[in-house]
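J.: Structure provided below as structure tokens; questions to follow.
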Amino acid sequence: MEKHHVQWLIHGHTHRPDVHELSANGKPAFRVVLGAWHSEGSMVKVTPDDVELLHFPF
Numbered sequence: 001m002e003k004h005h006v007q008w009l010i011h012g013h014t015h016r017p018d019v020h021e022l023s024a025n026g027k028p029a030f031r032v033v034l035g036a037w038h039s040e041g042s043m044v045k046v047t048p049d050d051v052e053l054l055h056f057p058f
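Numbering (my numbering), first residue to last: 1 to 58.
Put into structure tokens, the structure is as follows:
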């Protein structure tokens, strides 16, 4: 993330969904891991005040 000067990395399917708060180049950064979509779906909701990982049934 520092190499490419980005504050967001959203990726999926590691079977360990989570929102990781980091620092990249001295700025707040986030790595969002989406779920595997086996028993439920997942998505990320980003607002000016929050980052939230949401799960929903199929």
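Every residue gets a Cβ at the ideal spot worked out from N, C-alpha and C, and that includes glycine. Given the structure is predicted, the values throughout are model-derived calculations rather than measurements.
1. Under a three-way DSSP split, which group does His15 fall into?
2. Consult DSSP for Ser39 and reduce its assignment to one of helix, strand or coil.
3. Which word fits Gly26, buried or exposed, when buried means at least 16 other C-beta atoms lie within 10 angstroms of its C-beta?
4. For Gln7, which residues in the same chain have their Cβ closer than 8 Å to its Cβ, ignoring the five residues on either side in sequence?
T.: Working from what's here:
1. coil
2. coil
3. exposed
4. Met1, Ala24, Lys27, Pro28, Ala29, Phe30
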